[in-house]
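Protein chains in written order, with my numbering: chain A, 108 to 319; chain B, 4 to 559.
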Ligand code: HEM
Ligand SMILES: [Cu+2]
């Protein structure tokens, strides 16, 4: 059965899987830089507007933010379990764990959108849409803080969605016994992607919730 | 669908069997469909090759319109607005649709697996997809050009870019998509180099071209996402008033410049490193000598790739920067010149004691040497803040980067086009015409850009469509040079196209090179090698006679 999924340019299945893994790591490195640009802007603006910048962060609910951190860390754990199970050829359990992880992703989004809804009600929106109760504009530093908040958490939320799709796809694969101890790089790679999603949040959480 | 139905017209022999005559990759299948859906790196390379030539011509056409406008001090053929659009389109087309994909997309794709002794890249499907993503980006950019264009210059500086009435957002989307394509290609090259080297091919036996393509790929992976993000922010600002760089909402326009140059300075090495790789191959093959120092060439590429990430500030000396920062950025920029000089000296030393054959690629090497050294020295000059305050935003800078980027990338693109022509198509081009057109390209080039140093030094700013009378004679020289350059390029193309049909048969290794891509047939078969080679020597063992060198890359 090995021969059939060995692409002709590879000599062994091990090399082929090594290539797939390496590709994922390289891709994640590149993906990090996409966020890197925004983290750099965050750093620059925060230094530029010390006091004003954190004003926008007062609207963030530490409890909700922390809940989401817990959700994502737990989901990374269930993903790790899934990989453990698939390596042991217990594909059914792996599928279950991946399903659970996907649901954690969904829970994260529900919490996040609850927060977004609150921000919308309070008028904490990016750029020119940000207005205080009296209808005046907040100071520039606060506005840029809110803009970055929406941008960075929004981009992260998109990654959560992408990660959920990946987890669901390999989860279905596990349920159908496509993946097993013989073949599980795809599951590992989806897991790696999910860990990146988690890791980015681990940075966003202190930056937007814990440091005002 | 099974392989059998696709390859129905092939003779029924085992392609890897001894003595099997496999048709070459061009003739293996001929339907349009077999081209459009091919996963063969060689065919994908040809598709990139054809596309970048089209965009070189398009970008060249824009350039000729610009230069013709500058023939007289006042309006000549187009108005100020059209002029602004034209230089933006010229820059965008040349940078993202020609220069960045040109050497990696066309020649990297073609020869990298051959040099590694591999049957293909690690991910042939991603490779094909990267071509279509590139094509999509070109379509988006062309559509944006028709639907209002863009008049910001290729640098998209805010605040103008977020308020310009032109189609800036679509241009940004096009460039973003283009970046996705280069990331896909880069990822493929890196993984392939790690996993598909033939048995016995250690890192220090690899052809130097691989090192430079590898270095390029690393830069692409780390720099391109940042550019993608900064242009996304500009596009969001332009379309939805996101205001991340807008002072009304607390933004700082100068931060855009930081982000932009954090990518775009390394991006100049995305264009240069592949050129270095081609030059290394050409020098060794045509002087029949190993590189004077393999490691010096290989590692200096990595040095450039690394230092290139810390020099971006030299574009912003006049954007408000402390003396201290300017000094640091200036000094770091000059480090690049040290690494580049290491390369230049090593190439020149390689010639020593060699038996030099003076074919067209070798002539392009000489042009490259002159333009790169001259352009590099002016780089060191503008990296000095006190001088740059005078030259910034004048034609001096335009001349600097055209000498290096265009001089460097274009001459090595043309060197590669001639050097690997027999490999790609199995034919020889006409050497005399090749040498002549090469001279025309060089003279045209020098006439176009040398006067621009003088113009800039005399104070003519860039990106203006009219100018005071006293600048006219230099502008006339420059425009004349541009027309000659254009003609030289068209004749070069004609020479190669004619050779496609009427050229003499080349044989597997017409230049007597020791590099591994010449081990296999020219043009190679669909699977590159009759059987996977075993590598028992480095890519530059010119002290061995050709047969012995060949025998040290036996089939396994
Ligand atoms: C010896 C190494 C080099 C140094 C020290 C150097 C330095 C500089 C400096 C200081 C500037 C800014 C001038 C100004 O805007 O006032 C500049 C502009 C530029 N350089 Fe270089 N450079 C070097 C090599 C290169 C190479 C290898 C390339 C391309 C392959 C390149 C492409 C450019 C471009 C495109 C610009 C202008 C961008 C624009 O404003 O449109 N440079 N260079
Ligand atoms: Cu630069």
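Note that the Cβ used here is the ideal one computed from N, Cα and C, for glycine as well.
For residue 30(B), the number of other beta carbons within 10 angstroms of its own is below 16, and it is reported as exposed. Interface criterion not met: the Cβ of residue 307(A) is under 8 Å from no Cβ in chain B. With a threshold of 7 Å, the Cβ atom of residue 315(B) counts as near ligand 2, since some heavy atom of the ligand is closer than that. Among the residues facing chain B, residue 300(A) is not included, as its CB has no counterpart in that chain under 8 Å away. Residue 307(B) and residue 279(B) have their alpha carbons spaced roughly 11 Å apart. What residue 528(B) touches in chain A, judged by beta-carbon distance under 8 Å, is nothing: the nearest beta carbon there is about 13 Å away. The Cβ atoms of residue 240(B) and residue 290(B) lie no closer than 8 Å to each other. Looking at 196(B), 114(B) and 198(B), the one whose alpha-carbon comes closest to that of residue 427(B) is 114(B). Straight through space, the alpha carbons of residue 447(B) and residue 75(B) are spaced by roughly 20 Å. None of the residues of the region 259-280 of chain A has a beta carbon lying less than 7 Å from any beta carbon of chain B. Among the residues facing chain A, residue 163(B) is not included, as its CB has no counterpart in that chain under 8 Å away.
Taking every protein chain shown into account, the CB of residue 533(B) has 16 or more other CB atoms within 10 angstroms, so this residue is buried. Nearest Cα to residue 291(A) within the set 278(A), 252(A) and 259(A): 278(A). Cβ neighbours of residue 156(A) within its own chain (closer than 6 Å, five residues either side excluded): 248. Check the Cα spacing between residue 364(B) and each of 267(B), 509(B), 418(B) and 339(B): the tightest is with 418(B). For the pair residue 189(B) and residue 136(B), the Cα-to-Cα distance works out to about 14 Å. In this structure, the alpha-carbon of residue 225(A) lies about 20 Å from that of residue 245(B).
In this structure, the alpha-carbon of residue 310(B) lies about 43 Å from that of residue 78(B).
Sequence-ordered contacts of the region 115-142 of chain B with chain A read 116, 121, 122, 123, 124, 125, 126, 127 and 129 [C-beta pairs closer than 9 Å]. Chain-ordered, the chain B residues with CB closer than 9 Å to the CB of residue 136(A) read 224 and 225. According to the DSSP secondary-structure assignment, residue 537(B) is paired through a beta bridge with 202(B). With respect to the 8 Å criterion, residue 537(B) and residue 45(B) are not classified as neighbours on the basis of their beta carbons. When C-beta atoms of the region 366-375 of chain B are compared with those of the region 340-353 of chain B, three or more pairs fall below 8 Å, so the two segments count as touching.
Residue 193(B) reaches chain A at 133, counting residues in chain order whose Cβ is nearer than 7 Å. Sequence-ordered contacts of the region 116-133 of chain A with chain B read 116, 122, 125, 126, 129, 130 and 133 [C-beta pairs closer than 7 Å]. Residue 196(A) sits in coil when the DSSP states are folded into three classes, being neither helix nor strand. At least one C-beta of chain A is nearer than 8 Å to the C-beta of residue 244(B). In this structure the region 146-166 of chain B touches the region 242-260 of chain B; the number of beta carbon pairs closer than 8 Å is three or more. As DSSP reads the structure, residue 430(B) sits in a beta bridge with 508(B).
Residue pairing by DSSP places residue 558(B) opposite 536(B) in a beta bridge.
Each residue's CA atom was taken as its position, placing residue 334(B) and residue 315(B) some 12 Å apart.
Residues of the region 221-255 of chain A with a C-beta less than 7 Å from any C-beta of chain B: 233, 234, 235, 247, 248, 250, 251 and 254, listed in chain order. Residue 268(B) has its CB nearer than 7 Å to a heavy atom of ligand 2. Here residue 396(B) has 464 and 465 as same chain residues with Cβ atoms under 7 Å from its own Cβ, once five neighbours each way along the sequence are excluded. A straight line joining the alpha-carbon of residue 187(B) with that of residue 471(B) spans about 47 Å. When the alpha-carbon of residue 318(B) is set against those of 336(B), 359(B) and 304(B), the nearest one is in 336(B).
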